[in-house]
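The sequence shown begins at 1 in our numbering and counts up by one.
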Amino acid sequence: MSIADNLKKIQSKVPDHVTLVAISKTKPAEAVQEAYHAGQLHFGENKVQEMTEKQEQLPHNIFWHQVGHLQRNKVKYIAPYVHLIHSVDSVKLLLEIQKQAKKQERTIQALLQIHIAEEDTKFGLNEAELIQLLEDPELLTLNGVLISGMMGMATNTSDEKQVAREFKGLRELFEKTKDRFSSHPHCMWNTLSMGMSGDYRIAIEEGSNMIRVGSAIFGERNYK
Ligand SMILES: *Cc1c(COP(=O)(O)O)cnc(C)c1O
């Protein structure tokens, strides 16, 4: 199956209100180009340097998503063009995004990454840390940042009930937070990013409106 075929197959299962982000990490720019020609406009990467190299080579109407852990000293490289940062987990990182957004005279959108999996390798905020972050008065200074929602990764398990339970928990936390912080000047609460190649169908059932799919589009990744 070609990249275009894979995309078509996935798109046919994804309702219109769900944005498909094609995760192209470790794949060459040619693979992104192929997906782009098949109509795909949203792409995600987890390494700043790799994303920036592709961004420079590829059409400039592509929407680039940062999905991996983001170091503060790397924000400046993606600030000129990044569409959405999925992996914010601290006020310090938000303040750096704010600083770089100001320099670029743009607003950068970010999602708060929430820890929902059993594994403690998948980083992110728990509920108490989330509330603490949102109540931090420094957040009121973030004119160049828009917190537009949340992102989470479920446990890597074949137990679909567990995966569904974790996504449901995130959905409920999202709704609760949306109600409680609905009038926050720098929050919008319109995006819930959950679901990858192995679990996006479950995620959509549980209320996701943004899925991040890599290997089901581009094939397995070979890590060096
Ligand atoms: C790699 C990655 C994905 C895509 O994973 P697949 O299983 O290949 O679909 C999604 N989200 C994040 C945060 C990733 O790092």
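From the three backbone atoms N, C-alpha and C, an ideal C-beta is built for every residue, glycine too.
Bear in mind the structure is a predicted one, so any value in this text is a computation, not a measurement.
**Message:** Pull the bridge partners of residue 88 from the DSSP assignment, please.
**Reply:** Paired residue(s): 112.
**Request:** Could you name each continuous alpha helix (DSSP H) segment of 4 residues or more that falls completely within the stretch 186-212, going from the start of the chain to the end?
**Result:** You should have 200-205.
**Request:** Over the uninterrupted alpha helix (DSSP H) stretch that includes residue 220, give me the two end residues.
**Result:** Taken as a continuous stretch (DSSP letters only), residue 220 belongs to no alpha helix (DSSP H), as it is neither H nor E.
**Message:** Going by DSSP, what residue range makes up the alpha helix (DSSP H) through residue 125?
**Reply:** Boundaries for residue 125: no alpha helix (DSSP H) harbours it, and the DSSP string shows neither H nor E there.
**Message:** For a test of the three-state rule: what should DSSP assign to residue 184, helix, strand or coil?
**Reply:** Per DSSP, reduced to three states, the secondary structure at residue 184 is coil, with no helix or strand assignment.
**Prompt:** Quick one: what does DSSP say residue 169 is sitting in, helix, strand or coil?
**Reply:** Looking at residue 169 - three-state DSSP - the assignment turns out to be helix.
**Item:** Whole runs of the beta strand (DSSP E) within the stretch 39-103, excluding any shorter than 3 residues
**Value:** The stretch 39-103 is shown to contain whole beta strand (DSSP E) runs of 3 or more residues at 42-45, 63-66 and 84-88, in chain order.
**Asked** Does DSSP classify residue 229 as helix, strand or coil?
**Response** As shown, the chain starts at 1 and ends at 224. That puts residue 229 outside it, with no answer to give.
**Request:** With a cut-off of 5 Å, give the chain-ordered residues whose Cβ is closer than this to any heavy atom of ligand 1.
**Result:** That gives 23, 46, 67, 196, 197, 212, 213, 214 and 215.
**Prompt:** What residue range is occupied by the uninterrupted alpha helix (DSSP H) comprising residue 14?
**Reply:** In the DSSP assignment, residue 14 falls outside any alpha helix (DSSP H) and carries neither an H nor an E.
**Asked** Measuring CB to CB, does residue 234 end up less than 8 Å from residue 77?
**Response** Outside the shown range of the chain (1 to 224) lies residue 234, about which nothing can therefore be said.
**Request:** Kindly indicate the opening and closing residues of the alpha helix (DSSP H) around residue 34.
**Result:** The continuous alpha helix (DSSP H) containing residue 34 extends over residues 29-37.
**Asked** So, helix, strand or coil for residue 2, using DSSP?
**Response** Coil.
**Prompt:** Do you know whose CA, among 23, 14, 133 and 35, lies nearest residue 2's CA?
**Reply:** Among 23, 14, 133 and 35, the Cα nearest to that of residue 2 is on 35.
**Prompt:** Can you tell me whether residue 177 is buried or exposed, with buried defined as 16 or more other CB within 10 angstroms of its CB?
**Reply:** By the 16-neighbour rule on beta-carbons within 10 angstroms, residue 177 is buried.
**Close Cβ partners of residue 21 (< 6 Å) along its chain, the five nearest in sequence each way excluded** = Cβ within range, chain order: 42, 44, 65 and 212.
**Asked** CB-CB under 7 Å to residue 187, same chain, minus the five flanking residues each way: which ones, in chain order?
**Response** 147 and 181, listed in sequence order.
**Prompt:** First and last residue of the beta strand (DSSP E) that includes residue 146?
**Reply:** 145-153 is the span of the beta strand (DSSP E), which, as asked, contains residue 146.
**Prompt:** At a Cβ threshold of 8 Å, is residue 200 touching chain B?
**Reply:** The chain inventory of the structure shown lacks chain B, comprising one protein chain alone.
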